[in-house]
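Step one of this worksheet: look at the structure below.
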Amino acid sequence: MTPLEILKKQFGYDAFRLNQEDIINSVLAGKDTFVLIPTGGGKSLCYQIPALLLEGVTLVVSPLIALMKDQVDALRVNGIAAAYLNSTLTFQQQEKVIALVRQNKIKLLYLAPERLFANENRGSLLDQLPDVKISLIAIDEAHCISQWGHDFRPDYLILARVKKSLPKVPVIALTATADKLTRKDILEKLELDNPNVFTTSFNRANIRYIIEDKMNSVDRLMNFLSQHKDESGIIYCLSRRSTETLAEDLRMAGFNALPYHAGMDTQTRISHQDKFLKDEVKLIVATIAFGMGIDKSNVRFVVHMDIPKNIEGYYQETGRAGRDGLDSIALMFYSRGDISKMKRFAIIEGNPEQTAISLRKLDQIARFAELEACRRKFLLNYFDEATGDYCGNCDICLRDLETYDATTEGRKVLKAVSELSEKFGAGYIIDVLWGSTSNRIQPEHKRITSYATGNAMSKTQWQGIIAGMVTQNFLEKTKGAYPILKLTEKGLAALESNSAIILTRGRLENEALNFDKAANLPLVEELKAVRRKLAAIDGVPPFVVLSDASLEELATYLPLTREQLLNISGFGETKVRKFGDAFLTAIASYCNAAGLESKIHLKERKIVKRSNVDHDTSTKQVTLKLFQDGLRPEEIAVKRKLSISTIEGHLAFYIKTGKISIQQVLQENKIITIEKVVNDLGSQTLTPIKLALGEAYSFSEIRYVIAHMQRGTVEEPLVYYGHQSPGDVVYEDKAIYQISTV
Ligand code: ADP
Ligand code: MG
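Going by this note's numbering, the sequence shown opens with residue -4, and the numbers climb by one from there.
Dropping the structure here:
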């Protein structure tokens, strides 16, 4: 049989990933082989398949006794003769395993490193197997042999003897994380014989790296979780206790969360892990004890409540997100204070070398957290991989700008402006493009050719396009409170010549909000003084007036009006009335002196984004394409090997954006009935709607209709400046610019 046939027959997969096949061939050719593939990349098959093809038994050295059983079980399920030898087995059980190996009945034997050679308690396993052919030795998690690595295990040092004792047996060493130094060290320690080295790109392009300030991290976390309802996620905490308290807090807040740490009794721990794996619980709040060897592909996000000890840990833990290749998020809360705390832990009594290494690794992750450049670049460079300056999928890159081709849309806008005789503002123009039936639209404007030509895009998207066209000078805005859009010469030329309209837009998303609090620290001090005064007047403690967190928010977002103050947490109407002006005065004079503008629009967007995190992705586009090719959702699910609910989610997304019309998926009478029930219930929660509708209606049908009803509402708030009244949509360039990114 060929490796590919084994892959299909025994493991049920269609194709090799990346360089799996080359690695397998290297091993089959009897070469020593070194493999660096990130977590989840599929390292196991690189030795499992050769093990099945080679005569004799493959010894697999693995550091984690706890995982051996799982791995062996997984192999047995695939009909592969595998066993493990470790201290969890009784003496009799161990003898039995060894007997099986002697009879050539085992293809893969997992063991801890010290088993290989004799020690004071036990003879060498090799001596017990004099006539057994050892086909291959696989050393998993090979970085454990290096002091330079993040997970040094003295037991592994014994493996340095492998090549000397068994010079004819090929060795494959595998690891997911190793910087250059560690890599070199592994190769030297193992004394591999002119090995073939395979490295795959470490880039996990589908993972978005986001780092936020740790202030109010629990609130922020809940905020984040409510944007990611029904998704699976791992939340890492540093201490065992905090996993329990946080899980409890989350449950109280209505989230489906369970804790996990090594101090829990085994049964509970296994049951929690099991529930998570089976999707019975969505969130697992864990110490880093959780995750090793866990292969759950649909983890949509990994959150670090505390900074990990090193980049390797961070990369491994975040790597547990998105193994299925779909968009996923790695969110970390960071405070500089944590680093000093961690430094104290990093000190290993009586071991200055190890301490120095740990401290250096801490400094590196601190640098990563405080980075002002592409996070992915930093990570990949850390693992010695060259990459561009800009990944477009980390918080830093998302703040930057991108150019895009808006020729089609841009022309629609230019045409509408022209057809409306250059007499209207952006809001009106968008309504016309959208085909609004409102009375606000003059009847004759409902008959122009531009009318309803733009209903495939959300209003927010149109706002972005128009803002971009003003910036790029295709359009100009008249001055005053109610600016009107006019064609510039450039705009006129583009309309007549059909030339390309290239625009730029910010890629900022709310998650990427990075606070520049430190810069406004003097203001926090001033605000504290104001708070003290107000507290003294009322004879109450300062925190009763306002919490520190609220003060920090004030200093971050710099609200300048009473209305804006309402957006700051801790400010209800009473507090605004009572204390607002005192704080506003302090903020305004600070802003004047420092030449700062309010950043409150960032705060506003943040709130709205909660309902609007959904965005177009390449995987959704594949579904759309198949749908447009005439496949039914069930057929798409089968074809794409995705769940039907994922596919329905994709379709619902496009119903929301208008790319798919609800009529394409549902009959008119059903639409009307579902809409009515949704409206009557006044809620968009699926279950009650389903209950009200009964058997004749499916969840997916309800989901589609809700998406349809949300069509176009995926818009972010406009920032109104002063005097214009809502309804007359007038924009301030910069504000739109910043809120226009979808
Ligand atoms: P690693 O050890 O590199 O972290 P694993 O060997 O545990 O990764 O593999 C991760 C997951 O990917 C497993 O579920 C494995 O079965 C799956 N996998 C590996 N190779 C392939 C492949 N060629 N096609 C499909 N799935 C694969
Ligand atoms: Mg592995």
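All C-beta atoms in this analysis are idealised placements derived from N, C-alpha and C, irrespective of residue type, glycine included.
Values in this document were obtained by computation on a predicted structure and should not be read as measured data.
The beta strand (DSSP E) enclosing residue i, as first and last residue numbers
i	result
F29	T28 to L31
H299	V294 to H299
L470	L470 to K472
Y377	Where Y377 is concerned, there is no enclosing beta strand (DSSP E), although the alpha helix (DSSP H) it sits in stretches over R370 to Y377.
V192	N191 to T194
I167	V166 to T170
G308	G308 -> not in any beta strand (DSSP E); alpha helix (DSSP H) instead, spanning I306 to T313.
A94	Run containing A94: none in the beta strand (DSSP E); it sits in the alpha helix (DSSP H), F86 to R97.
S(-1)	According to the sequence as given, residue -1 is Leu; it is not Ser. Per DSSP, L(-1) belongs to no beta strand (DSSP E); it is in the alpha helix (DSSP H), P(-2) to I1.
According to DSSP, residues forming a beta bridge with residue i
i	result
F328	E207
Y255	A281
I60	According to DSSP, which records beta bridges pairwise, I60 is partnered with nothing at all.
D65	Partner(s): none; D65 has no beta bridge.
S323	I202
D400	I497
K481	E471
G567	G567 is not bridged to any residue.
L131	T53
C389	Y204
Y79	Y105
Boundaries of the alpha helix (DSSP H) in which residue i is found, first to last residue
i	result
A589	D576 to A589
E243	R235 to M247
K634	P628 to R635
A740	Outside the modelled stretch of the chain, which goes from -4 to 737, sits residue 740, for which no answer is possible.
S221	S212 to Q222
A530	L516 to D533
G644	I639 to T652
A462	K454 to T466
I229	No alpha helix (DSSP H) contains I229, which is instead part of the beta strand (DSSP E) from S227 to Y231.
Cα-Cα separation between residue i and residue j, rounded to whole angstroms
i	j	result
K738	G317	Since the displayed the chain opens at -4 and closes at 737, residue 738 lies outside it and no answer follows.
A513	S330	Low confidence applies to A513: its pLDDT is 47, below 50, so where it sits in the model is not reliable, and the reading given next is rough at best. Rounded to the nearest angstrom, the two C-alpha atoms are 12 Å apart.
F419	Q437	12 Å
G405	I443	17 Å
D214	E365	21 Å
F578	V525	7 Å
H409	V297	Just to set this straight, residue 409 is Leu in the shown sequence, not His. So the alpha carbons of these two residues sit roughly 44 Å apart.
I324	Q88	44 Å
I391	K636	33 Å
T618	E630	10 Å
M337	L80	36 Å
G449	I657	17 Å
T641	A632	8 Å
V67	Y105	8 Å
S212	E367	21 Å
H596	L549	13 Å
N505	A242	The predicted model places N505 with a pLDDT of 33, which falls under 50 and marks its position as unreliable; any figure quoted below should be read in that light. Their backbone Cα atoms lie some 25 Å apart in a straight line.
A113	R156	12 Å
E0	D9	9 Å
V603	L561	Because V603 sits at a pLDDT of 27, beneath the cut-off of 50, its placement in the model cannot be relied upon, and the following sentence gives the value as read from the coordinates. C-alpha separation (whole angstroms): 15 Å.
A133	L54	6 Å
A462	V22	58 Å
A248	S237	16 Å
L152	Y377	25 Å
Sequence-distant residues of the same chain with beta carbon closer than 6 Å to residue i, five excluded per side
i	result
T(-3)	none
T34	A171, Q311 and G314
L13	T195
F29	A168, P190 and V192
Y204	A325, R370 and C389
Beta-carbon contacts of residue i that lie in its chain and below 8 Å, excluding the five residues immediately before and after
i	result
E740	The chain is shown only over -4 to 737; residue 740 falls outside these bounds and no answer can be derived.
Beta-carbon proximity list for residue i, same chain, < 7 Å, skipping 5 on both sides
i	result
E239	P254
Q5	L47, N73, G74 and I75
D400	A495 and I497
H223	R295 and F296
P628	I639, I642, E643 and L646
K270	L253 and V276
C369	D384, Y385, C386, C389, I391 and C392
A581	E521, L522 and V525
Distance cut-off 7 Å: residue i Cβ against heavy atoms of ligand 3
i	result
K38	Ligand 3 is absent from the structure shown, which contains only ligand 1 and ligand 2.
> Does the count of Cβ pairs from the segment 445 to 457 and the segment 646 to 655 closer than 8 Å reach three?
Replying inline: Yes, the segment 445 to 457 touches the segment 646 to 655.
>> Under 8 Å, with one C-beta from each stretch per pair, do the segment 664 to 673 and the segment 681 to 692 reach the 3-pair mark?
In response: They touch, by the three-pair rule.
>> Using 8 Å as the cut-off, can you tell me whether the segment 89 to 100 makes contact with the segment 119 to 135, which would need three or more C-beta pairs spanning the two stretches below that distance?
In response: Judged by Cβ distances under 8 Å, the segment 89 to 100 makes contact with the segment 119 to 135, as three or more pairs qualify.
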